[in-house]
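Asker: Quick one: structure below, then a few questions.
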Amino acid sequence: MTKKLIRGLIPVIALIFLYAPILILAVYSFTDATQIGAIRGFTLKNYVTLFTTEELRNMILGTILLALASALLATLFGTLGAIGAFYSRKRVSSAVSTVNQIPVINADVVTGFSLCILLVVVLGISKDTYLPLLFGHVTLSAPFVYLSVMPKLKQMDSSLYEAALDLGATPASALFRVVIPQIFSGMVSGFSLAVTLSLDDYFIATYTKPATFDTISTYVVNATKGSQTAIKTALWALSTLIFVIVILIVLGLNLRARRADRSDLRKEAGR
Amino acid sequence: MANSENIIELKHISRTFEDGFAAVSDFNLEVKRGEFVTFLGPSGCGKTTTLRMIAGFDMPTEGDILLDGKDISKLPPNERPINTVFQRYALFPHMNIYDNIAFGLKQKKTPKEEIRKKVKKVLELVDLEGFEKRSVSTLSGGQQQRVAIARALVNEPEILLLDEPLGALDLKMRKEMQIELKAMHDELGITFIYVTHDQEEALTMSDKIVVMSEGRIQQIGTPEDIYNEPQNAFVADFIGESNIFNGIMTGALEARFAGGHFKCVDDVAEGTQITAVVRPEDIEIVKPGEGQIRGRVISVIFKGIHYEITVQSGRYEVVIQSTKSAKVGDEVGMKVEPDGIHIMIAEDHTNIFPVDMNRSHRLEFNGKELWTSLTQIIKGSRRNENGELLDENGEVIDPEKIHISAAIEPQDIQMTDDIDDEKVLVEGTISNLIYKGDHYSYVLNTDLGQDFIVDDEYLWNMGDRVGLILPADKMRFSVKK
Amino acid sequence: MKFSRKTLGIPYIIFLLIFVVAPLLVLFYYAFTNGQGQFTFRNLTGFFTDPNTVGTLFYSLAIALVTTAVCLLIAYPVAYVLATSGLKSKGVIIMIFVLPMWINFSLRITALKEILTLIEGNLAFYPFLNSVIGMTYDFLPFMILPIYNTIVKLDGSLTEAARDLGADEKRAFLHVTLPLSLPGIISGVSMVFLPAMTNYVVLDMLYNSTYIMGSLIGSYFSAYNWHGGSMIALILLAIICVFTLVTNGMEEEDARAGGALL
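Residue numbers (the numbering used here), protein chains in the order written: chain H, 681 to 951; chain B, 14 to 494; chain U, 748 to 1009.
Structure, rendered in structure tokens:
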């Protein structure tokens, strides 16, 4: 009995550890408190500040735009790379796969710092062109797209492409009409991974971003060091908002998966 | 008191899962020391759950398991002198063959030297001398199987449990292993409890077979008993091939089924509704007019040692195994000796009869349409704009290739004098009636050769000609591929 | 040029050469030169002779080790309990544990900081403790997920076989489940240990004045000292390489032993 209790308790304690800070902050985001402690009056002031302060709005929009743009480029490069490597000789493909692993295992500090030296110090590209930042994020996430597309290529029936050629398709249309649909789910999961990596990144951005531009991460880090309480508590509102959005996305994905499960079951029952 | 001859006894064992599903109900079994017992049944019949309760991986919700007279049903698996050969072997992938086999002995703190000797000996027993250092992943399926057996046997268990151990092997390997397992059993004298869904495997290897279905024991007996004297229609159908007919006793040692009259050896009271089982090899093809029934040959398949001949006799399909071939389309007679017929008292009087799908994809019986939804009977099917029936893959269903049977309870059939009533599906003559306390049970011989059992509270006379009304909404349909 | 599937890879190969290979070469060059572009070992010897920098190296190793150990001690029981539970919607529950990964880390750490400030008053009093708490909070899901994935895929009949052969629950766990969940532990460790050595921003946000290896790069960057920073980056790279080689070796050994699992 006690054993069962302990078994149940372990995950609960871990969950409290993971969620308590976010949830407490969420509660306080609806009050006029400037720090956590005694509960004060209810207010939506923080949410108003979040949406009306131009600086905050620009920072959030900029982060999202950067995430989408870099994820698109990363998906393009990573997918092309995976297809090219998959159909190349073994030596070439294993070389590409090895180099592809470097940004994956490397510390982000090292990646960001080395990109900054090459692009800004050596090549003299201005950070204000946003190019170092954009390509920094592509470098961060393209290898992950490569890694999510590769297994799909390996699972694909290799005779599909040949069948398409056999039926008169040109290599290019065979690629677009047969290969791409087969690996599309890998591209989608690679793209969404790229978006989350970009949203969560701090180090690449610090080393490559223009001085006047901030992503959510760099902005929050600077804000916590500063003493502007209005901005600080507006960030609590942002945290709560993101938390809700993440929950909604996860719930949506789950519902869809369940619906798919159920229709699978129905098909099964029909057999 | 426990019988000292019995190594293990299962008394009133039941296992009900949290969701209310009864995997095993009131299971009673006694196993003698050194016996080879097989649990046989289709998947989901509770045989593996029973085995897991003997091993200790699952606890019965009711009942006792006695090992040498002592209740072990609450004992954890590691404290039972019983070892298991798992379905997919469950060899430890991070250990080599030696460590896998030595695992049990190490748990018992056996001296190293003794472990070494025992492992060597058991590897010889399974023909894998010198495999000690090999890793599990380098072995073929058959070899892994042998290691799994060796790993269990090295502990010298009182009982060896085998959970479909040959299921993952190919046919040839399976046959070889069957012989080897049987030889091992004879040599070691250990009690084997074997689980399989393969009736042939069960018949070749076992001393005793326990046939299970839906969590219940259907029959316990020697392979010969089970094959020759099945206790009910399930066993007859599951073990070997058989023709199963509903019928009725028409006299002393005389029965009517499949549209014919047969002499039999089972003494069942006249008027009793019965199920008759006839093995395909017990039917002899004779000239038309001879034998008890006749029909037309509809298919002949050469099976290596014999021909499998299917004959359409009235509404019945009769399967016959014969060393002599026949020609499709031939008119033949069929003869069954009295000892080739096995009569069982029918516990269930449901009328089961084949129905047809006509060209316009509607169900019909005796040329009359049944008003029912075919899309609900054939799962996944739908109708296209032409009214044609499509299967789940969107292809038009061929009425010739689908067999649908209908079932209707005796109390759901109505009899009427008005033979021209448009609701009448088929006419027949009352050939038997029994008073059952509150109603009469009638047997009707129809012109189709199909007999119907009808319950009615009013008295009709023998030989009356009546029309039968079979409401389609009372029928249950099943599809055979 | 004629279209072929191989040529599709060329843009990515060029991309990797520019953005992955070239930066590393530049890093090498800067690490072994001084401001005048002359070849020198000074950056290297300077690092290992300065007690401050060597101290930072050991301090970050210590933080990484303790963080990894704490993560493992929390994550393994959680993953084990979840994976071996009879729950039907295990997938959803594990999702709840990894869901915080999708919330921006800086916002999560802000939340943690507020809580810790409430409890401790002044965060500066417990720098080591706060570093470990902060990183554990940030990285815990990365440890839970791979361990859970390994245990949940384990063939349940393996532990049953161990029980059947006379092992009690504890021994069955020690001799079968634990060794077979090693691949998950290894990948979890590698996802926690390396960031714990370098992710200095977590410490920054918790008002922590202590330095780890990553912070050194940050301070050289602020001082425009590319040569010194490159050397730190190179040393980190070397540590990462060694670490990866070791864990890969362990995983390969495991894969060889675990081949039958597939």
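Even for Gly, the Cβ is constructed at its ideal location relative to N, Cα and C. All of these numbers come straight from a predicted model, not from anything done at the bench.
1) Could you tell me whether the Cβ of U/Ala908 comes closer than 8 Å to any Cβ of chain B?
2) Quick check on U/Tyr971: buried or exposed, where buried means 16 or more other Cβ atoms within 10 Å of its Cβ?
3) Consider the Cβ of B/Asn168: report whether some Cβ of chain U lies at a distance smaller than 8 Å.
4) Taking only beta-carbon positions, decide if U/Ala914 is within less than 8 Å of chain B.
5) By the three-class DSSP mapping on this structure, what secondary structure does B/Glu440 have?
6) Residues of chain B with a CB under 7 Å from the CB of U/Ile855: which are they?
7) Whose C-beta lies closer than 6 Å to the C-beta of B/Lys146 among residues of the same chain, with five residues either side of it excluded?
8) Can you tell which of B/Ile314, B/Ala215 and B/Tyr329 has its C-alpha closest to the C-alpha of B/Ser335?
9) Roughly how many angstroms lie between the CA atoms of B/Lys131 and B/Leu166, to the nearest whole one?
10) Can you grab the Cα-Cα spacing for the pair B/Asn256 / B/Tyr448, in whole Å?
11) Is B/Ala271 helix, strand or coil by DSSP?
12) Against U/Pro847, what residues of chain H qualify as contacts under a CB-to-CB distance less than 8 Å, listed in chain order?
13) For U/Lys860, go through chain A and note every residue whose CB falls closer than 7 Å to its CB, in chain order.
14) Could you name the residues that DSSP lists as bridge partners for B/Lys45?
15) Let me know the beta strand (DSSP E) ranges lying completely inside the region 92–178 of chain B, each 3 residues or longer, listed in chain order.
16) Verify whether the separation of the beta carbon atoms of B/Leu179 and B/Glu214 is less than 8 Å.
17) With DSSP run on the structure shown, which of helix, strand or coil describes B/His12?
18) Can you pull the chain U residues whose beta carbon is under 9 Å from the beta carbon of H/Leu873, in chain order?
19) Alpha carbon to alpha carbon, what distance is there between B/Gln325 and B/Leu174?
20) Please report the distance separating the alpha-carbon of B/Asp140 from that of B/Ser148.
21) What does H/Lys725 pair with, by DSSP beta-bridge criteria?
22) Excluding the five sequence neighbours on either side, which residues of its own chain have a C-beta within less than 8 Å of the C-beta of B/Glu177, listed in chain order?
23) Nearest-angstrom Cα distance between B/Ile95 and B/Leu152?
24) Can you list, in chain order, the residues of the region 758–782 of chain U whose Cβ is nearer than 7 Å to any Cβ on chain H?
25) Could you check whether the Cβ of B/Gln120 sits closer than 8 Å to any Cβ belonging to chain U?
26) Check each residue of the region 711–727 of chain H: if its Cβ is closer than 9 Å to any Cβ of chain U, include it; give the result in chain order.
27) Could you have a look at B/Lys494 and say whether DSSP puts it in helix, strand or coil?
28) Please list, in chain order, all residues of the same chain as U/Met978 whose beta carbon is under 7 Å from its beta carbon, the five residues on each side excluded.
29) Can you confirm whether U/Ser962, when its beta carbon is compared against all beta carbons of chain B, has any partner nearer than 8 Å?
30) So does the region 920–930 of chain U actually touch the region 894–908 of chain U, counting three or more Cβ pairs closer than 8 Å?
31) Let me see if you follow: with CB-CB separation under 8 Å, is B/Phe116 close to chain U or not?
32) Applying a beta-carbon distance threshold of less than 9 Å, which residues of chain H neighbour U/Pro874?
33) Could you tell me which residues DSSP puts in a beta bridge with B/Ala289?
34) Taking the alpha-carbon positions, what's the H/Pro691 to U/Thr883 distance?
35) Grouping DSSP H, G and I as helix and E and B as strand, with all else coil, what is U/Met882?
36) Got a sec: which bits of the region 919–947 of chain U sit with their beta carbon under 7 Å from any beta carbon on chain B, in order along the chain?
Answerer: Let me lay it out:
1) Position 161 of the third sequence, counted from the first residue, corresponds to residue 908 of chain U. Taking 8 Å as the CB threshold, U/Ala908 lines the interface with chain B.
2) Translated into positions along the third sequence, residue 971 of chain U becomes position 224. Counting C-beta atoms within 10 angstroms of its own C-beta, U/Tyr971 has fewer than 16 neighbours from the protein chains shown and is therefore classed as exposed.
3) As a position in the second sequence, residue 168 of chain B is number 155, starting the count at 1. So, interface residue.
4) Looking up residue 914 of chain U in the third sequence gives position 167. Proximity of U/Ala914 to chain B, defined by a Cβ-Cβ separation below 8 Å, is satisfied.
5) Walking along the second sequence from the start, residue 440 of chain B turns up at place 427. Strand.
6) As a working note, residue 855 of chain U is residue 108 in the third sequence. Per the sequence shown, residue 855 of chain U should be read as Arg rather than Ile. Within chain B, no C-beta atom comes less than 7 Å from the C-beta of U/Arg855; the nearest is roughly 37 Å away.
7) Sequence index remark: in the second sequence, residue 146 of chain B carries index 133 (1-based). Sequence-distant Cβ neighbours of B/Lys146 in its own chain, meaning closer than 6 Å and more than five residues away, are Asn109.
8) As a first step, residue 335 of chain B is located in the second sequence; it is residue number 322 there, counting from the start. Comparing Cα-Cα distances from B/Ser335 to each of B/Ile314, B/Ala215 and B/Tyr329, the minimum goes to B/Ile314.
9) If you number the second sequence from 1, residue 131 of chain B lands on position 118. If you number the second sequence from 1, residue 166 of chain B lands on position 153. If I take the Cα positions, the gap works out to 10 Å.
10) Residue mapping note: residue 256 of chain B aligns to position 243 of the second sequence, counting from 1. Residue mapping note: residue 448 of chain B aligns to position 435 of the second sequence, counting from 1. Distance between the alpha carbons of B/Asn256 and B/Tyr448 is about 29 Å.
11) Walking along the second sequence from the start, residue 271 of chain B turns up at place 258. Looking at B/Ala271 - three-state DSSP - the assignment turns out to be coil, as it is neither helix nor strand.
12) Residue 847 of chain U sits at position 100 when you count from the first residue of the third sequence. Using a Cβ-Cβ cut-off of 8 Å, U/Pro847 is close to Leu698, Tyr699 and Ile702 of chain H, given in chain order.
13) Going by chain labels, chain A is absent from the structure shown, which instead holds the protein chains H, B and U.
14) In the second sequence, residue 45 of chain B corresponds to position 32, counting from 1. Per the DSSP secondary-structure output, B/Lys45 pairs in a beta bridge with B/Asn19.
15) Along the region 92–178 of chain B, the beta strand (DSSP E) occurs as fully enclosed runs of 3 or more residues at 95–98 and 172–176, listed in sequence order.
16) Along the second sequence, one-based indexing puts residue 179 of chain B at 166. Along the second sequence, one-based indexing puts residue 214 of chain B at 201. A contact, by the Cβ cut-off of 8 Å.
17) The structure shown does not extend to residue 12 of chain B, since chain B is modelled only from 14 through 494, so no value can be given for it.
18) The residue given as residue 873 of chain H occupies position 193 in the first sequence. Chain U residues near H/Leu873: none, gap ~11 Å exceeds 9 Å.
19) Here the question's residue 174 of chain B lines up with position 161 in the second sequence. Here the question's residue 325 of chain B lines up with position 312 in the second sequence. Taking the straight line from one Cα to the other gives about 45 Å.
20) Taking the second sequence and counting its residues from 1, the one referred to as residue 140 of chain B is at position 127. Taking the second sequence and counting its residues from 1, the one referred to as residue 148 of chain B is at position 135. Going by the C-alpha atoms only, they are around 17 Å apart.
21) Reading the first sequence from its first residue, position 45 is the one you call residue 725 of chain H. For H/Lys725, which the question treats as bridged, DSSP gives no partner whatsoever.
22) Indexing the second sequence from 1 puts residue 177 of chain B at position 164. Residues of the same chain with a CB within less than 8 Å of the CB of B/Glu177, apart from the 5 flanking positions on each side, are Thr61, Gln100, Val208, Thr209 and His210 in chain order.
23) Residue numbering aside, residue 95 of chain B sits at position 82 when the second sequence is read from its first letter. Residue numbering aside, residue 152 of chain B sits at position 139 when the second sequence is read from its first letter. Roughly 26 Å separates the two Cα atoms.
24) Answer in chain order: Pro758, Tyr759, Ile760, Phe762, Leu763, Phe766, Val767, Val768, Ala769, Pro770, Leu771, Val773, Leu774 and Tyr777.
25) Along the second sequence, one-based indexing puts residue 120 of chain B at 107. For B/Gln120, the answer is yes, since a Cβ of chain U falls inside 8 Å of its Cβ.
26) Against chain U - using a Cβ distance shorter than 9 Å - the residues of the region 711–727 of chain H are Gln715, Ile716 and Gly717.
27) Your numbering for residue 494 of chain B matches position 481 in the second sequence. With a pLDDT of only 49 at B/Lys494, under the threshold of 50, the placement of this residue in the model should not be trusted; the figure read from the coordinates follows. In this structure, B/Lys494 counts as coil in the three-state DSSP scheme.
28) For the purposes of this step, residue 978 of chain U is identified with residue 231 of the third sequence, where counting begins at 1. Once the five neighbours on either side are set aside, the close Cβ partners of U/Met978 are Ala778, Asn790, Leu791 and Phe794.
29) The residue you call residue 962 of chain U lines up with position 215 of the third sequence. No, U/Ser962 lies away from the interface with chain B (no Cβ there is under 8 Å from its Cβ).
30) Short answer: they touch.
31) In the second sequence, counting from the first residue as 1, residue 116 of chain B sits at position 103. With its beta carbon less than 8 Å from one in chain U, B/Phe116 belongs to the interface.
32) Stepping through the third sequence from its first residue, residue 874 of chain U is reached at position 127. None at all; the shortest Cβ gap to chain H is about 16 Å.
33) Taking the second sequence and counting its residues from 1, one reaches residue 289 of chain B at position 276. Under DSSP, B/Ala289 shares a beta bridge with B/Phe258 and B/Ile356.
34) Your numbering for residue 691 of chain H matches position 11 in the first sequence. Your numbering for residue 883 of chain U matches position 136 in the third sequence. Using only the alpha carbons, I get a separation of about 15 Å.
35) Sequence index remark: in the third sequence, residue 882 of chain U carries index 135 (1-based). Reduced to three states, the DSSP call for U/Met882 is helix.
36) For the region 919–947 of chain U, which is checked against every Cβ of chain B, the residues closer than 7 Å are Val923, Pro926 and Leu927.
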